[in-house]
Structure formats: C-alpha cells, structure tokens
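Read the structure below first, then the notes.
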Amino acid sequence: MMVYDVRRLASANKDSAILSMFDGLHTGEAVQVVCDFDPSRLERKFRAFFAEGYEWTCLRSGPPDWHIEIGKISTLPECGCK
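UniProt numbering applies: residue 1 is where the sequence shown begins, and numbers increase by one.
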C-alpha cells in the first residue's frame with residue numbers, strides 16, 4: 001500500500017491533495033495518509049464528494065500525527081478537486 005505523507009505540504013493544500021490522490025485510485029486500491037491535523041473535517045468532505053464509495057480506517061490517532069487508511073470501494077465520477 002502506498003503511504004502519502006502530507007505533513008510538509010502547506011496547510012491550505014493538504015485536503016485537496018488528499019482528495020486528488022484518492023480520486024486517482026482504482027476501485028479496490030487504498031492509500032495510507034499521514035497527516036498532522038485532526039482529519040475529522042476531511043472525512044466530512046469525503047462523505048460529501050464520494051458518498052459510500054470509500055472506506056476510512058483510523059490506524060493511529062494523534063496528536064501529533066494521524067495515520068488514516070482510505071480505500072476506494074466503488075467507481076464514482078471524479079470529484080473535480082484537482
């Protein structure tokens with residue numbers, strides 16, 4: 001599984017980078033995201049953009065870091081968040 005560490009990105013770019021990474025996954029693929037912020041707001045965005053087309057598993061709850069596994073479970077239209 002690929003690990004996507006967004007801790008070094010500018011705060012304003014982190015959510016869109018994660019959404020774009022997920023958008024590029026194929027059905028059945030997953031990515032582990034490492035972030036330095038509480039991802040609960042990001043999960044709400046996932047629900048809005050991808051409905052039931054994803055799986056979200058918190059592997060490590062921070063602070064200082066959160067590790068989230070996000071898997072694509074169905075093919076959905078692109079979110080347009082690139």
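Idealized CB from N, CA, C, for every residue including glycine.
Note that the coordinates shown come from a computational prediction; the quantities given were computed from them, not determined experimentally.
Inter-residue CB distance, residue i and residue j (contact presumed, cutoff 8 Å)
i	j	result
Arg7	Asp36	5 Å
Lys72	Leu25	4 Å
Per-residue burial, residue i [other beta carbons within 10 Å of its own, 16 or more giving buried]
i	result
Lys82	Because the pLDDT of Lys82 is 49, which lies under 50, any placement of that residue in the model is unreliable, and the question is left without a value.
Pro39	buried
Ala10	exposed
C-alpha gap between residue i and residue j, whole angstroms
i	j	result
Lys14	Val3	14 Å
Ser16	Phe49	12 Å
Thr57	Ala12	23 Å
residue 106	Tyr54	Since the first residue of the chain shown is 1 and the last is 82, residue 106 is not available in this structure.
Below-7 Å beta-carbon distance, residue i vs any chain C residue
i	result
Phe49	Annotation note: the requested chain C is absent from the structure, which comprises a single protein chain.
* Touching or not, the stretch 55–68 and the stretch 25–33, by the rule of three or more beta carbon pairs under 8 Å? -> By the criterion of at least three beta-carbon pairs nearer than 8 Å, the stretch 55–68 is in contact with the stretch 25–33.
* Asked: Which runs of the alpha helix (DSSP H) fall wholly inside the stretch 1–30 and span at least 4 residues, in chain order?
  -> 11–23
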